[in-house]
Every structure is written in C-alpha cells, then in structure tokens.
Amino acid sequence: ATIVAMAVRDGKQSDYVEVTITRVEPDPITFESALGESKLYGIATGGDAEWLTVDDPSAKVGAASARSGVLVEDDDDGTQQTSWLAAKVHGKGTLTFWWRVNCEPDPRGKYTYDYASCEVDGEFVARTDGEKDWVQISKTFDVGGDHVVRWTYLTDGWESEVAVISDANVINGTSNLVLN
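In the numbering used here, the protein residues as written are 1081 to 1260.
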C-alpha cells in the first residue's frame, strides 16, 4: 500500500511525503526452530495425526513450539490414537527439553488413558499426563553414534488434549545433516 501525507503546522503546509508499505510474510516455523535446536536432524512425524509447529508465546525459549497433532474423538470406544515426533542426534552428550501436557490424568499411574512419553533408542526416558505446566527433562548419551529421540502423545480421545515440546537442547552432540 502507498500512503501520501503532509503535515500542517501553524498554518504552513509541508511537502507531500509518499510512503510505501510492503507486507512481509514471516518465515515458516520449522521443527528445528520450534524446538530451538539445530543438532537434531532427520526429523519425522506420524501416527494418527502429525505433529505441528505453532506460534507459542508460552514457549520456554523463543515464541514457537512443536505440538502433537490433533487427534479426533473416538466415539467412546476406547481406541487409542497416537501422534509422534522423532529426531536424531549424533554423538555423546546430553539432550534437555521442556514439555507440557494437557490431558486426562492417571492419578494411580496404572492406566493408559492419555499421556506423553519420550524414548531414546527405544528405551523409556520420561512420561507425563494430566494438566502440567512446563517440566524440563534430560537424557545423557554415553555412547557415540546416532541416537533416535521419539516423543509420543497417546490418547483415548475423550477430551481436547495436547502435548507440547519447546527448547530441545543438545550439549556436546553433533549433527550429521543440516535440514533445509
């Protein structure tokens, strides 16, 4: 859009000034930027609904995060649905990340209504359920090579529920591949 304006002061008119305003679309949010870590690579998502990157003013660092996909209510038949996000990191080091969840709680810890979990190389790291604010999780890699980190959100779909990850940070690990 172009705006033409002039000022008037004490009855005197200034010259006209022409200003052009151009709308600049922001760069799309990538998983790399939403997670805040360039050492994670080979990022993939799947399940019944893929993870998304979203503007998130409540993110621990920055203004974006990764959130589980929207899982549809299942008509009360108890069928569980999943949404997962996986990434690789290379070498020895420590992965830390922040996550929060808003889902049906399991106060006794013996049911599998809804929860978010994290595994590294197929081994359990952490699990959370209920309505929780940001919690930081850490996992150390004592062995070199590639490691697969997988975050999964599982739900029976009875309520509006979500898992969110922010500020994944890898200390000392390296990336083999730069995402485009």
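Virtual Cβ for every residue (Gly too), placed ideally from N, Cα, C.
Measuring CA to CA, which of the options is closest to residue i?
| i | options | result |
| --- | --- | --- |
| Val1181 | Ile1245, Asp1090, Thr1220 | Ile1245 |
| Gly1225 | Gly1171, Ala1143, Glu1117, Pro1137 | Gly1171 |
| Val1223 | Val1200, Arg1207, Glu1098, Asp1135 | Val1200 |
| Val1104 | Trp1231, Asp1236, Ala1081 | Ala1081 |
| Thr1125 | Leu1165, Ser1094, Arg1089, Ala1146 | Leu1165 |
| Ser1094 | Ile1101, Ala1085, Ala1114 | Ala1085 |
| Val1141 | Asp1128, Leu1115, Gln1160 | Leu1115 |
| Val1150 | Trp1179, Tyr1096, Asp1236 | Asp1236 |
| Ala1248 | Val1097, Ala1087, Lys1219 | Lys1219 |
| Ala1129 | Ala1139, Ala1144, Gln1160, Arg1089 | Gln1160 |
| Tyr1195 | Tyr1233, Trp1179, Arg1089 | Tyr1233 |
| Glu1112 | Glu1098, Arg1089, Asp1136, Ala1144 | Ala1144 |
Under DSSP, the beta strand (DSSP E) around residue i begins and ends at which residues?
| i | result |
| --- | --- |
| Leu1028 | Here the chain covers residues 1081 to 1260 and nothing more, so residue 1028 does not appear. |
| Gly1122 | 1121-1127 |
| Asp1213 | 1211-1221 |
| Arg1230 | 1226-1235 |
| Arg1180 | 1173-1182 |
Which residues bound the alpha helix (DSSP H) around residue i?
| i | result |
| --- | --- |
| Leu1115 | 1111-1115 |
Is there a Cβ of chain B sitting closer than 8 Å to that of residue i, yes or no?
| i | result |
| --- | --- |
| Val1242 | No chain B appears in this structure, which consists of one protein chain only. |
Near residue i, which residues of its chain fall below 6 Å by C-beta distance, leaving aside the five closest residues on each side in sequence?
| i | result |
| --- | --- |
| Asp1186 | Tyr1193, Asp1209 |
| Leu1132 | Arg1147 |
| Val1229 | Ala1167, Val1200 |
| Trp1178 | Lys1140, Trp1214, Gln1216, Ser1246, Asp1247 |
| Ala1087 | Ser1094 |
Would you check whether the ligand GDP has a heavy atom nearer than 7 Å to the C-beta of residue i?
| i | result |
| --- | --- |
| Arg1207 | In the structure shown, the ligand GDP is absent, as is every other ligand, since no ligand is present at all. |
Please check the pair residue i and residue j, which I expect to be a contact at CB under 8 Å, by giving their CB distance rounded to whole angstroms.
| i | j | result |
| --- | --- | --- |
| Ile1217 | Thr1176 | 7 Å |
| Arg1147 | Val1205 | Contact doesn't hold; Cβ gap of about 19 Å is too wide. |
| Thr1162 | Gly1127 | 4 Å |
| Trp1231 | Cys1198 | 5 Å |
Which same chain residues end up closer than 7 Å to residue i when comparing Cβ atoms and leaving out the 5 residues on each side of it in sequence?
| i | result |
| --- | --- |
| His1227 | Lys1168, Val1169, Val1200, Asp1201, Phe1221 |
| Thr1100 | Thr1082 |
Who are the Cβ neighbours of residue i in its own chain at under 8 Å, not counting the five residues just before and after it?
| i | result |
| --- | --- |
| Gly1091 | none |
| Ser1255 | Residue placement at Ser1255 cannot be trusted, given a pLDDT of 43 that sits under 50; what the coordinates show is reported in the next sentence. Same-chain partners within the cutoff: Ser1118, Lys1119, Leu1120, Tyr1121, Val1169, His1170. |
Requested in this report: Take every Cβ of the stretch 1200-1220, pair it with every Cβ of the stretch 1103-1111, and state whether three or more of those distances are shorter than 8 Å.
Outcome: By the criterion of at least three beta-carbon pairs nearer than 8 Å, the stretch 1200-1220 is not in contact with the stretch 1103-1111.
Query raised in the report: Between the stretch 1117-1127 and the stretch 1160-1179, are three or more C-beta pairs nearer than 8 Å?
Result: Yes, the stretch 1117-1127 is in contact with the stretch 1160-1179.
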